[in-house]
Amino acid sequence: MHVTDSTPPASRWLKLAVLYLLAAIALGVAMGVSANFTLRPVHAHVALLGWASLALAGLIYGQYPRAAASWLARVHFWMHNLGLPLMMVSLALMLHGITAAGGVLLASEGIFAAGCLAFAFNVFRNLGPA
Ligand code: HEM
Ligand code: HEM
């Protein structure tokens, strides 16, 4: 296992998660007030991939220090937190008919999914026996 000081602490995952919660709520309220639900998939994924998934990862890393210290946690952290904002912005553009954002959407989905793969690998490798 490769241990490094630069792996993000559990608190960093949780603080970012709360920021996504606020963004999701703002978007949810805006949709409700305007009665325009075009951005519903953005709201749903900011809430579930931003707030819920980041918080869950933070709690898991808090519970399993060996997984948190792995280089895989660092890969997960950066791919999740670079991929997701790009994915949400390009998805919002696509939903407004700006199809030129499709390439960025596809690329950011790939980045995000690769981060989740690193997470899955980390869980199986560093959580201990099932
Ligand atoms: C004050 C906070 C929130 C407001 C005002 C709000 C508002 C909304 C609205 C207006 C929609 C669209 C409904 C429709 O198109 O019929 C929606 C969908 C959704 N919201 Fe929220 N939301 C809030 C918080 C959250 C949170 C915290 C989560 C998750 C942790 C969440 C998850 C979802 C999901 C998954 C959908 C899509 C549901 C579906 O596919 O039918 N929302 N929300
Ligand atoms: C890279 C990963 C993901 C991609 C590319 C993706 C893609 C999509 C797509 C294309 C839709 C249909 C949107 C529409 O009907 O307009 C969708 C809906 C949805 N996805 Fe995902 N998804 C991903 C991950 C997830 C995860 C991990 C969750 C839950 C934790 C999730 C929860 C949902 C929900 C609740 C809906 C319904 C939202 C709505 O009604 O607008 N997705 N997703």
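Okay, so the sequence shown: first residue is -13 according to this note's numbering, each after it adds one.
In this text, a Cβ means the ideal position worked out from N, Cα and C, and glycines have one as well.
From this set, Ile84, Val109, Val61 and Met17, which residue's C-alpha is nearest phenylalanine 98's C-alpha? Val61
Please tell me whether, using a cut-off of 7 Å, the distance from the CB of valine 61 to the nearest non-hydrogen atom of ligand 1 is below it. Not under cutoff, so the answer is no.
Helix, strand or coil for isoleucine 84? Go by DSSP, reduced to three states. coil
Could you give the first and the last residue of the continuous alpha helix (DSSP H) run that contains tryptophan -1? -4 to 20
Tell whether a beta-carbon distance below 8 Å holds between leucine 81 and threonine 24. yes
Touching by the beta-carbon criterion (3+ pairs, under 8 Å), the segment 97 to 114 and the segment 45 to 61: With the cut-off at 8 Å, the segment 97 to 114 and the segment 45 to 61 touch.
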